[in-house]
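Okay, so here's the structure we're looking at.
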Amino acid sequence: MHQPKALQRIVDVYFRDPARTTAVKAGTHVLSQDGYNDKLYWVKKGELSGYLNTDDDSEMTAKVFR
Numbered sequence: 171m172h173q174p175k176a177l178q179r180i181v182d183v184y185f186r187d188p189a190r191t192t193a194v195k196a197g198t199h200v201l202s203q204d205g206y207n208d209k210l211y212w213v214k215k216g217e218l219s220g221y222l223n224t225d226d227d228s229e230m231t232a233k234v235f236r
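The numbering of the sequence shown is this note's numbering, which starts it at 171 and goes up by one.
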């Protein structure tokens with residue numbers, strides 16, 4: 171897969187070492203709204219959906235990657 175140089179550098183620095191990567195199963199929540207996060211995520215395969223809880227307790231959904 172051809173990637174721009176800047177993206178390839180990020181992949182090389184952050185994701186080449188298997189000890190720094192984690193595979194997650196479908197349906198796994200990786201982030202919570204207003205939660206603490208100190209990780210960088212790269213979706214290699216599959217898709218990622220994002221959900222936003224609003225002040226009126228409704229939920230908005232957005233397809234982030236496909």
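The beta carbon of each residue, even a glycine, is placed where N, CA and C say it ideally should be.
- DSSP places Tyr184 in the uninterrupted alpha helix (DSSP H) bounded by 175–185.
- For the options Val213, Val183, Gly205, the alpha carbon positioned closest to that of Val194 is the one of Val213.
- Here the C-alpha atom of Val200 lies approximately 16 Å from the C-alpha atom of Asn223.
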